[in-house]
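Protein chains: 2
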Amino acid sequence: MKKQPVWKEIAERITRDIAKGHHKAGEKLPTEAAYAARFGVNRHTVRHAISALVEEGLIYTRRGAGAFVASDPVRYSVGKRVRFHQSVAEAGHQGSKEFLSMTTRPADAEEARALGKRKGIQVHVVEGLARVDETPVAHFISVFPAARFPDLLAHLKTSNSITAAFAASGVQDYIRQATRLAAVNANATSATLLNLQAGAALLRSTNVDVDMDGQPVEYGRTWFSGNHIELTIDG
Amino acid sequence: MKKQPVWKEIAERITRDIAKGHHKAGEKLPTEAAYAARFGVNRHTVRHAISALVEEGLIYTRRGAGAFVASDPVRYSVGKRVRFHQSVAEAGHQGSKEFLSMTTRPADAEEARALGKRKGIQVHVVEGLARVDETPVAHFISVFPAARFPDLLAHLKTSNSITAAFAASGVQDYIRQATRLAAVNANATSATLLNLQAGAALLRSTNVDVDMDGQPVEYGRTWFSGNHIELTIDG
DNA sequence: CTCCATTTGTGCGTATGTATT
DNA sequence: GAATACATACGCACAAATGGA
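Chains G and P, in that order, give the protein sequences.
Letter by letter, the first sequence follows residues 1 to 235 in this note's numbering.
Letter by letter, the second sequence follows residues 236 to 470 in this note's numbering.
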């Protein structure tokens, strides 16, 4: 076993506890002091671990209240049988898309910039997984301005289609601005979701979609598994 | 002015310093100790600020070495006619290309298929390195049918330009047929050439260029450093 | 090559501020 | 208001990686 920092060990321990269902979505986690006592470490060390998990998006904290499990922990139990899939035809394969979580929260600096808004505005965040022939091939996170689309998440839950949800919100058509591509190493979250080793090469696609008036309506990032996907650009 | 944490104040101060050009891309920032002394705070407070900037992607740190300004990824447009130099020039960077080796040998199966020829025909193979602002960002291997371009390598040696060498061989214009993109982990060769760790994420671009009659004239593979290059697809 | 000063990373201890319950 | 719990900030010590002598 490779040696690793205490804080990381604790972060993984908490992650496992959540994955095992010891703490459900929205539930309060033990206090920092309690964790410090349980693991026999300083409270700062626990804070470092918690901070990393907050950054990952697994949990969130509220000063004076506590730390809470952020999203549906189904994300961390990949490998189990998929229950919901809606099939779409893609390149002759059987494709499916699954939404893993839908939340509404303040936009971070990058998201706000991409949408042409100020940091801190409320945004809907939809995270999901795309499969081809049951193999997970892409992990996506889409961000939408909440003020413009108050009922987007409700529509998404019923339709499972972003295009349909947009239509129900009054956006009849939208186009993709330039798409940016980069290669990145998989972080723990993406690696788990895509059934890859941490550090595997991923193709990251970043895009902003705008409506016919040029207003940004979606900021999307997709991580494609390098092993399973090859993008072709016609030209 | 709303009161805000000291670490955030420092993070914004460093951000402004970088924005103002006091620290250029790739340059080393002052040490944590130096910042602590300058701002009259504890080193942990500086670390908190730096940690936030690393998370933002503005800077990166190397244990034992220091903190450095992250360079903006160079955006390389993919399309019919765009050339590497043109792209980096538009992005305001200085591009250079270096040929590492030129050989003539029989084509392997993959190369022959891409060029629409039989395996074993003679091909010129050119391997090289592309730099932006002196930083190696891409490693490329191009394959050309030798029968069609007997003097290509000689022309390349004098002109250092594939376009010019083609022109000297009677190909006035050529276009990119298709580009395929994938993410792969760096092998030892690419990692060394690009100054990366083995396993770093690379964006591999595979392309076939054809002349105006549709005849394949070049089969190229390029490995872009994921850290330094971002491909942009227009439209 | 080894040695060593430098620099970031980890961890502990303590104190105080601020928001929630 | 009181108790609780996360947030900020200081200080000290040592580990680990870097880079130059």
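Idealized CB from N, CA, C, for every residue including glycine.
Only a predicted model underlies this, so the values are computations on that prediction, with no experimental measurement involved.
Could you give the uninterrupted runs of the alpha helix (DSSP H) lying entirely in the stretch 13-80 of chain G, keeping only those of 4 residues or more? 32-39, 43-56
Looking at chain G, which residues of the stretch 418-429 of chain P have a Cβ within less than 9 Å of any of its Cβ atoms? 418, 419, 420, 421
Distance check for residue 456/P and residue 462/P, CA to CA, integer angstroms please. Along the second sequence, read from residue 1 onward, the residue named residue 462/P stands at position 227. Along the second sequence, read from residue 1 onward, the residue named residue 456/P stands at position 221. Approximately 18 Å, taken between the alpha carbons.
Work out the CA separation of residue 155/G and residue 168/G for me, nearest whole Å. Translated into positions along the first sequence, residue 168/G becomes position 168. Translated into positions along the first sequence, residue 155/G becomes position 155. So the alpha carbons of these two residues sit roughly 7 Å apart.
Going along chain P, which residues have a C-beta under 7 Å from residue 201/G? If you number the first sequence from 1, residue 201/G lands on position 201. Result: 418, 419, 420, 436, 437.
With a threshold of 7 Å between beta-carbons, can residue 221/G be considered close to chain P, or not? Taking the first residue of the first sequence as position 1, residue 221/G is located at position 221. Not one chain P Cβ lies under 7 Å of residue 221/G.
Starting from the beta carbon of residue 36/G, find every residue of chain P whose beta carbon is closer than 7 Å, and list them in chain order. As a first step, residue 36/G is located in the first sequence; it is residue number 36 there, counting from the start. What residue 36/G touches in chain P: nothing, since even the nearest Cβ is about 18 Å away.
Let me make sure I understand the geometry here. Which of 339/P, 367/P, 431/P, 445/P has the alpha-carbon closest to that of residue 413/P? Translated into positions along the second sequence, residue 413/P becomes position 178. Per the Cα distances, 445/P.
Residues in its own chain within less than 8 Å of residue 33/G by CB, not counting five upstream and five downstream? For the purposes of this step, residue 33/G is identified with residue 33 of the first sequence, where counting begins at 1. Closer than 8 Å at Cβ, skipping near neighbours: 43.
Can the beta-carbon of residue 153/G be found closer than 7 Å to that of residue 139/G? Stepping through the first sequence from its first residue, residue 153/G is reached at position 153. Stepping through the first sequence from its first residue, residue 139/G is reached at position 139. No. Outside cutoff.
Kindly indicate which three-state DSSP category residue 161/G falls into: helix, strand or coil? Here residue 161/G is taken as the residue at index 161 of the first sequence, counted from 1. In this structure, residue 161/G counts as coil in the three-state DSSP scheme.
Going along chain G, which residues have a C-beta under 8 Å from residue 466/P? The residue you call residue 466/P lines up with position 231 of the second sequence. Per Cβ cutoff of 8 Å: 180, 181, 182.
On the three-state DSSP scale, how would you describe residue 111/G? Indexing the first sequence from 1 puts residue 111/G at position 111. Here residue 111/G sits in helix by DSSP.
Tell me the rounded alpha-carbon separation between residue 103/G and residue 273/P. Here residue 103/G corresponds to residue number 103 of the first sequence, with the count starting at 1. Here residue 273/P corresponds to residue number 38 of the second sequence, with the count starting at 1. Approximately 41 Å, taken between the alpha carbons.
Which first and last residues belong to the beta strand (DSSP E) in which residue 205/G is found? Here residue 205/G corresponds to residue number 205 of the first sequence, with the count starting at 1. It spans 201-211 - the beta strand (DSSP E) in which residue 205/G sits, taken as one unbroken run.
If we count the other Cβ atoms within 10 Å of its Cβ and call it buried at 16 or more, is residue 77/G buried or exposed? The count along the first sequence starts at 1 and reaches residue 77/G at position 77. Summary for residue 77/G: the model assigns pLDDT 30, below 50, so the residue's position carries little reliability; its value from the coordinates is reported in the next sentence. Classification for residue 77/G: exposed.
Name, please, each residue of chain P whose Cβ falls closer than 9 Å to the Cβ of residue 109/G. Position 109 of the first sequence, counted from the first residue, corresponds to residue 109/G. Under the 9 Å cutoff, chain P gives 291.
From 28/G, 40/G, 35/G, 97/G, residue whose alpha carbon lies closest to that of residue 63/G: Counting from one through the first sequence, the residue named residue 63/G turns up at place 63. Per the Cα distances, 28/G.
Every unbroken beta strand (DSSP E) within the stretch 338-385 of chain P, with a cutoff of 3 residues, ordered by chain: 357-367, 370-380
For residue 370/P, which residues of its own chain have a beta-carbon under 8 Å away from its beta-carbon, when the five flanking residues on both sides are left out? Mapped onto the second sequence, residue 370/P falls at position 135. Cβ neighbours of residue 370/P beyond the five flanking positions: 261, 306, 430, 463.
When 433/P, 372/P, 405/P are compared against residue 423/P, the one with the closest alpha-carbon: Here residue 423/P refers to the residue found at position 188 when the second sequence is read from its first residue. Of the candidates 433/P, 372/P, 405/P, the one whose C-alpha sits nearest the C-alpha of residue 423/P is 433/P.
Identify the continuous beta strand (DSSP E) that holds residue 416/P and give its terminal residues. In the second sequence, residue 416/P corresponds to position 181, counting from 1. It spans 409-420 - the beta strand (DSSP E) in which residue 416/P sits, taken as one unbroken run.
Is it buried or exposed, residue 81/G, if we count other Cβ atoms within 10 angstroms and call 16 or more buried? Within the first sequence, the letter at position 81 stands for residue 81/G. Note on residue 81/G: pLDDT 23, under 50, position unreliable in the model; the coordinate value appears next. Exposed, because fewer than 16 other Cβ atoms sit within 10 Å of the Cβ of residue 81/G.
Where do the ends of the beta strand (DSSP E) carrying residue 460/P lie? Within the second sequence, residue 460/P is the residue found at index 225, counting from 1. Taken as a continuous stretch (DSSP letters only), the beta strand (DSSP E) holding residue 460/P covers 451-460.
Is the CB of residue 449/P under 7 Å away from at least one CB in chain G? As a first step, residue 449/P must be located in the second sequence, where it is residue number 214. Not one chain G Cβ lies under 7 Å of residue 449/P.
Compare the C-beta of residue 461/P against all C-beta atoms of chain G and say whether one is closer than 7 Å. Here residue 461/P refers to the residue found at position 226 of the second sequence. It does: the Cβ of residue 461/P has a partner Cβ on chain G nearer than 7 Å.
According to DSSP, simplified to helix, strand and coil, what is residue 169/G? For the purposes of this step, residue 169/G is taken as residue 169 along the first sequence, with counting starting at 1. Residue state, collapsed to three classes: coil.
Rounding to the nearest angstrom, what Cα-Cα distance links residue 57/G and residue 68/G in this structure? As a working note, residue 57/G is residue 57 in the first sequence. As a working note, residue 68/G is residue 68 in the first sequence. So the alpha carbons of these two residues sit roughly 11 Å apart.
Would you kindly work out how many angstroms separate the C-alpha atoms of residue 9/G and residue 351/P, rounded to a whole number? Taking the first sequence and counting its residues from 1, the one referred to as residue 9/G is at position 9. Taking the second sequence and counting its residues from 1, the one referred to as residue 351/P is at position 116. So the alpha carbons of these two residues sit roughly 54 Å apart.
So what does DSSP say about residue 243/P, is it helix, strand or coil? As a first step, residue 243/P must be located in the second sequence, where it is residue number 8. Correct three-state label for residue 243/P: helix.
Pick from 52/G, 218/G, 183/G: whose alpha carbon is nearest that of residue 466/P? Reading the second sequence from its first residue, position 231 is the one you call residue 466/P. Ranking the options by Cα distance to residue 466/P, first place goes to 183/G.
Let me check understanding here. Comparing Cα to Cα, which of 409/P, 435/P, 436/P lies closest to residue 442/P? Numbered from its first residue, the second sequence carries residue 442/P at position 207. Nearest option by C-alpha distance: 409/P.
Looking at the ligand NAD, does it come within less than 6 Å of residue 420/P, judged from the CB to the closest heavy atom? Ligands are entirely absent from the displayed structure, and the ligand NAD is therefore not among its contents.
Residue(s) in a DSSP beta bridge with residue 466/P: In the second sequence, the residue the question calls residue 466/P occupies position 231. Paired residues: 181/G, 311/P.
Is the CB-CB distance between residue 201/G and residue 420/P below 7 Å? Taking the first sequence and counting its residues from 1, one reaches residue 201/G at position 201. Taking the second sequence and counting its residues from 1, one reaches residue 420/P at position 185. Their beta carbons are under 7 Å apart, which means residue 201/G touches residue 420/P by this criterion.
Starting from residue 196/G, trace the alpha helix (DSSP H) both ways and give me its first and last residue. Taking the first sequence and counting its residues from 1, one reaches residue 196/G at position 196. No alpha helix (DSSP H) holds residue 196/G; DSSP gives it neither H nor E.
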